[in-house]
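Student: Under the UniProt record's numbering, residues 1 to 234 are what the sequence shown spells out, in order. Glycine included, each C-beta is placed from N, C-alpha and C at the ideal position.
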Amino acid sequence: MLKVNNLSVHYGVIEAVRDVSFEVNEGEIVSLIGANGAGKTTILQTLSGLNKPTNGSITFKGKKIHGTTPKKIVKNGISHVPEGRHVFSGMTVKENLEMGSFLRKDKEGIKKDMDRVFDRFPVLKERINQDAATLSGGEQQMLAMGRALVSQPELLLLDEPSMGLAPLFIREIFSIVEDINNNGTTVLLVEQNAKVALEISNRGYVLETGKIVTSGIGEKLLESDEVQKAYLGG
């Protein structure tokens, strides 16, 4: 579904991502794990058109998307839930969700997808007319995910969904990620919480200083001495 080949991204003279190649197959959950500054967020921002690659190619369903506008990338079926959630303050929960449908014209379909979001996140229905900025961190994460789902993505990019959340909420968010995947959405997950991310992932890639240093099946990476020492405190 998604293929990234020899991707490099610079911020001025700084090379944030160096010659990275990986792929995500339809129906998978794939994790990119690594420490702060490893290049994880830069990769997701490049996939969604917010950064321009210096070198390399990105193809989605056989079509090149590097250099494409974020709007076209969303239209092609990729939605991005950014690090830090970035809900729209001063707008209600409902209005935030409606922002996810800005490229759609099918009012009935939008309503059905909004109802599905409320079924998946009942707390959002309870807060439907509440300013999104007044929600808890976990509720804002649910809203950001719900907003992305209203755009009907085939591939969902999730950047640090557990950041700043209490342990109970972290488990709930990852359970929801699995549920989203089981309902047909492919997921590319960027996460510092390597243990929980790899537990739900089909495959994972480990990033260090802008390059991939190892990859494999999620369960196997959990058992790896290298990953244990570097990311799991083993």
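Using a Cβ-Cβ cut-off of 6 Å (strictly less than) and excluding sequence neighbours within five positions of Gly129, which residues of its own chain qualify?
Tutor: Correcting the residue identity first, residue 129 is Asn in this sequence and not Gly. Here the set comprises Thr92.
Student: Would you check if there are 3 or more beta carbon pairs closer than 8 Å linking the segment 72 to 88 to the segment 151 to 158?
Tutor: yes
Student: What residue range is occupied by the uninterrupted beta strand (DSSP E) comprising Lys61?
Tutor: Looking at the DSSP string, Lys61 is not in any beta strand (DSSP E), and its letter there is neither H nor E.
Student: Within the continuous alpha helix (DSSP H) that includes Asp113, where are the two ends?
Tutor: Lys107 to Arg120
Student: Taking 8 Å as the cut-off, decide whether the C-beta atoms of Arg147 and Leu188 are in contact.
Tutor: no
Student: In chain order, what residues of the same chain have a beta carbon less than 7 Å from the beta carbon of Pro70, not counting five sequence neighbours either side?
Tutor: Ser48, Gly49 and Leu50
Student: Can you tell me the Cα-Cα spacing of Gly84 and Asp225, whole angstroms?
Tutor: 31 Å
Student: Since Val227 and Ala194 should fall inside the 8 Å C-beta cutoff, what is the C-beta to C-beta distance between them, to a whole number of angstroms?
Tutor: That pair is a contact at about 7 Å.
Student: Would Lys205 be called buried (16 or more neighbouring beta carbons within 10 Å of its own) or exposed?
Tutor: The displayed chain sequence assigns Tyr, not Lys, to residue 205. Burial call: buried.
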